[in-house]
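**Student:**
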Amino acid sequence: MNKRVVAVRRLDENHLAQLRQLFHVDCFDSLGPDNEQAYIQAMRRAHGLIGGKLTINRQLLDESPHLKVISTISVGYDNLPLDELTQRGILLCNTPDVLTETTADTGFALIMATARRVVELAELVKQGNWLGHIDKPLFGLDVHGKVLGIIGMGRIGAAVARRGALGFGMRVRYSNSSPKPALETELGAQRCDMDELLAQSDFVCISVPLTTETHQLIGAEAFRKMKSSAILINISRGKVVDEAALIDALNEGQIGGAGLDVFEEEPVSRDSPLLQMTNVVALPHIGSATHETRAAMAQLAVDNLILALQGEWPKSAVNEQVLAAKH
Ligand code: NAP
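In terms of the UniProt record's numbering, the sequence shown has 264 at position 264, counting the first letter as 1, and numbering is strictly consecutive.
#1: Can you give, in chain order, each stretch of the alpha helix (DSSP H) that sits fully within the segment 154–226 and has at least 4 residues?
#2: Spell out the partners DSSP gives Asn-234 in its beta bridges.
#3: Do you know how far the Cα of Phe-168 is from the Cα of Pro-137?
#4: Secondary structure at Arg-4, three-state DSSP: helix, strand or coil?
#5: Looking only at its own chain, which residues have a Cβ that is under 6 angstroms from the Cβ of Tyr-174, when we skip the five neighbours before and after it?
#6: Please determine, among Ala-317, Val-75 and Leu-275, the residue with the shortest C-alpha to C-alpha distance to Pro-284.
#7: Comparing C-alpha positions only, which one of Ile-306, Pro-65, Ile-134 and Leu-305 sits nearest to Ile-40?
#8: Any contact of the segment 118–130 with the segment 154–168, i.e. 3+ C-beta pairs under 8 angstroms?
#9: Are Pro-198 and Ala-222 touching if we call contact CB-CB under 8 angstroms?
#10: What is the DSSP secondary structure of His-291, counted as helix, strand or coil?
#11: Pick helix, strand or coil for Ile-306, following the three-state DSSP scheme.
#12: Using the C-alpha atoms, what's the distance from Asp-105 back to Asp-78?
#13: Out of Ile-73, Lys-225, Gly-311 and Ala-158, which has the shortest C-alpha to C-alpha gap to Glu-101?
#14: What do you reckon, are the CB atoms on Ser-30 and Arg-9 nearer than 8 angstroms?
#15: If Gly-257 and Thr-114 are in contact, beta carbons under 8 angstroms, what's the gap, nearest whole angstrom?
#16: CB of Met-297 to nearest heavy atom of ligand 1: below 7 angstroms?
#17: Using a Cβ-based criterion (distance less than 7 angstroms to any ligand heavy atom), does Asn-79 qualify as near ligand 1?
#18: Give the single residue among Asp-135, Gln-87, Asp-195 and Ala-42 whose Cα lies nearest to the Cα of Lys-227.
#19: Rounded to whole angstroms, how far is the Cβ of Ile-50 from the Cβ of Leu-305, which I believe are closer than 8 angstroms?
#20: Distance, Cα to Cα, Leu-110 vs Asn-279?
#21: Are the segment 141–150 and the segment 78–92 in contact at 8 angstroms, needing three or more beta carbon pairs?
#22: Is the separation between the beta-carbon of Leu-19 and that of Ala-7 shorter than 8 angstroms?
#23: Considering only heavy atoms of ligand 1, does any lie closer than 7 angstroms to the CB of Leu-148?
#24: Taking the alpha-carbon positions, what's the Val-172 to Ala-38 distance?
#25: Please classify Pro-314: is it buried, with 16 or more other beta-carbons within 10 angstroms of its beta-carbon, or exposed?
#26: With 16 other CB atoms within 10 Å as the buried threshold, where does Ser-229 fall?
#27: Give a single yes or no on whether Leu-99 has its beta carbon closer than 7 angstroms to a heavy atom of ligand 1.
#28: Tell me whether Thr-185 is buried or exposed, calling it buried when 16 or more other Cβ atoms sit within 10 Å of its Cβ.
#29: Measure the alpha-carbon distance for Ala-298 versus Val-262 and round it to whole angstroms.
Following this line, the structure appears as structure tokens:
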């Protein structure tokens with residue numbers, strides 16, 4: 001038991017016990033100014049780091065000479081310096097697949113909630129304001145039969161598209177760096193360029209990873225190209241959208257509404273104009289937040305860490321070249 005692991009947030013006792021059987025584990029339920037020194041101290045001796053919402057910079061890496069594996073409890077890793085890790089021979093593992101369907105459910109919940117004004121009208125009932133017939137000013141929009149545009153037809157994008165095409169008879173358009181012929185056959189999805197997708201879609205669903213290329217991919221120009229009734233759904237990362245431009249587009253009626261699980265800054269400021277808009281449904285980054293899926297993500301992250309620290313191939317690694325160099 002000579003290897004040491006630092007565990008940050010999101011691990012329950014069952015998962016910690018699995019790690020403790022093999023390693024010395026330093027646990028941090030949260031990170032902040034109060035325990036920063038203790039965290040650095042633990043990282044100085046750590047071989048592995050596991051947790052959610054990890055942040056690690058060059059300085060901390062310099063302080064972590066033994067670090068060999070980072071196991072993030074997420075599929076996205078935009079918060080971590082991948083190139084720097086690879087250069088230093090540090091393996092990065094993530095948790096793809098196990099969260100795909102749940103995150104797609106969240107995306108579809110946002111489609112339904114925005115189109116049918118679920119949150120706004122449920123609130124009206126709860127506040128005792130259901131006083132008579134609901135008439136045109138409170139009608140919503142159909143979802144079935146509409147055009148669903150997917151930006152980023154990866155695992156999650158495809159799972160949203162499947163729900164739309166097979167469950168709701170939607171016509172799917174997608175924009176993706178590579179073609180997805182199998183999905184075109186399965187779902188009748190059509191690949192198109194971004195301008196066409198924006199112009200044709202009733203729902204534009206963002207499911208690309210946040211990278212330097214996708215940072216503020218959707219901004220003022222994109223909103224001008226969208227239908228005035230179109231609804232933007234963001235289940236990827238807040239910074240893929242220029243939030244100030246989104247606020248302008250909603251204020252000016254350039255688009256019809258937005259369903260947002262993610263924001264430029266999280267938690268979103270309580271003063272954000274987005275929170276005052278009845279045509280915006282805002283969620284607190286809960287894409288994968290179900291009991292079952294968070295447990296599966298934690299288990300996969302634990303498995304990855306154990307395998308990697310024992311010199312075996314983990315179940316999912318981002319920078320496999322680090323592993324290949326060692327085998
Ligand atoms: P994935 O399977 O890697 O899918 C990403 C897709 O985006 C891939 O098809 C990729 O194309 C495409 N893509 C990448 N850059 C692009 C670009 N510049 N233009 C067009 N397409 C591009 O990942 P995933 O598992 O679906 O997850 C996607 C993202 O969702 C994650 O990175 C994460 O940020 C976010 N997420 C959010 C939550 C939440 O709680 N809201 C939960 C889980 C994940 P190729 O196939 O050609 O590479």
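Note that beta-carbon positions come from the ideal geometry of N, C-alpha and C, so glycine has one too.
**Tutor:** The relevant details are as follows:
#1: 155–162, 181–187, 194–200 and 220–225
#2: Counting from 1 along the sequence shown, the entry for residue 234 is found at position 234. Answer is Ile-206 and Leu-260.
#3: One-based indexing of the sequence shown puts residue 137 at position 137. One-based indexing of the sequence shown puts residue 168 at position 168. Per the coordinates, the alpha-carbon of Pro-137 lies some 25 angstroms from the alpha-carbon of Phe-168.
#4: Numbered from its first residue, the sequence shown carries residue 4 at position 4. In this structure, Arg-4 counts as strand in the three-state DSSP scheme.
#5: Mapped onto the sequence shown, residue 174 falls at position 174. Here the set comprises Ile-150, Met-153, Ala-189 and Arg-191.
#6: Within the sequence shown, residue 284 is the residue found at index 284, counting from 1. Comparing Cα positions, the closest option is Leu-275.
#7: Walking along the sequence shown from the start, residue 40 turns up at place 40. Closest by alpha carbon: Pro-65.
#8: no
#9: Numbered from 1 along the sequence shown, position 198 holds the residue referred to as residue 198. Numbered from 1 along the sequence shown, position 222 holds the residue referred to as residue 222. A small fix is needed here, since residue 198 is Leu in this sequence, not Pro. Yes, the Cβ-Cβ distance between Leu-198 and Ala-222 is below 8 angstroms.
#10: Start at 1 with the first residue of the sequence shown, and residue 291 comes out as number 291. The answer is helix: DSSP assigns His-291 an H, G or I state.
#11: Here residue 306 corresponds to residue number 306 of the sequence shown, with the count starting at 1. Reduced to three states, the DSSP call for Ile-306 is helix.
#12: Residue mapping note: residue 78 aligns to position 78 of the sequence shown, counting from 1. Residue mapping note: residue 105 aligns to position 105 of the sequence shown, counting from 1. Roughly 22 angstroms between the two C-alpha positions.
#13: If you number the sequence shown from 1, residue 101 lands on position 101. The shortest C-alpha separation from Glu-101 is found at Ala-158.
#14: As a first step, residue 30 must be located in the sequence shown, where it is residue number 30. As a first step, residue 9 must be located in the sequence shown, where it is residue number 9. It is a contact, given that the beta carbons lie within the stated cut-off.
#15: The residue given as residue 257 occupies position 257 in the sequence shown. The residue given as residue 114 occupies position 114 in the sequence shown. Right, the Cβ-Cβ distance comes to about 5 angstroms (below 8 angstroms), so this counts as a contact.
#16: Walking along the sequence shown from the start, residue 297 turns up at place 297. No, the beta carbon of Met-297 sits no closer than 7 angstroms to any heavy atom of ligand 1.
#17: Working through the sequence shown from its first residue, we reach residue 79 at position 79. Outside the cutoff, so no.
#18: In the sequence shown, the residue the question calls residue 227 occupies position 227. Of the listed residues, the one whose Cα sits closest to Lys-227 is Asp-195.
#19: By 1-based counting over the sequence shown, the position of residue 50 is 50. By 1-based counting over the sequence shown, the position of residue 305 is 305. Between Leu-305 and Ile-50 the Cβ distance is about 5 angstroms, and since that is below 8 angstroms, they are a contact.
#20: Position 110 of the sequence shown, counting from 1, holds the residue named residue 110. Position 279 of the sequence shown, counting from 1, holds the residue named residue 279. So the two alpha carbons sit approximately 11 angstroms from each other.
#21: no
#22: Along the sequence shown, read from residue 1 onward, the residue named residue 19 stands at position 19. Along the sequence shown, read from residue 1 onward, the residue named residue 7 stands at position 7. Yes, Cβ-Cβ distance for Leu-19 and Ala-7 is below 8 angstroms.
#23: As a first step, residue 148 must be located in the sequence shown, where it is residue number 148. Outside the cutoff, so no.
#24: As a first step, residue 172 is located in the sequence shown; it is residue number 172 there, counting from the start. As a first step, residue 38 is located in the sequence shown; it is residue number 38 there, counting from the start. Approximately 50 angstroms between the Cα atoms of the pair.
#25: On the sequence shown, residue 314 is found 314 positions in, with the first residue counted as 1. Around the beta carbon of Pro-314, 16 or more other beta carbons lie within 10 angstroms, which makes this residue buried.
#26: For this step, residue 229 is matched to residue 229 along the sequence shown. Exposed, by the Cβ-count rule.
#27: On the sequence shown, position 99 is the one that residue 99 refers to. True, at least one ligand heavy atom lies under 7 angstroms from that Cβ.
#28: As a working mapping, residue 185 is identified with position 185 in the sequence shown. It is exposed - the Cβ of Thr-185 has fewer than 16 other Cβ atoms within 10 Å.
#29: Counting from 1 along the sequence shown, the entry for residue 298 is found at position 298. Counting from 1 along the sequence shown, the entry for residue 262 is found at position 262. One C-alpha to the other measures close to 21 angstroms.
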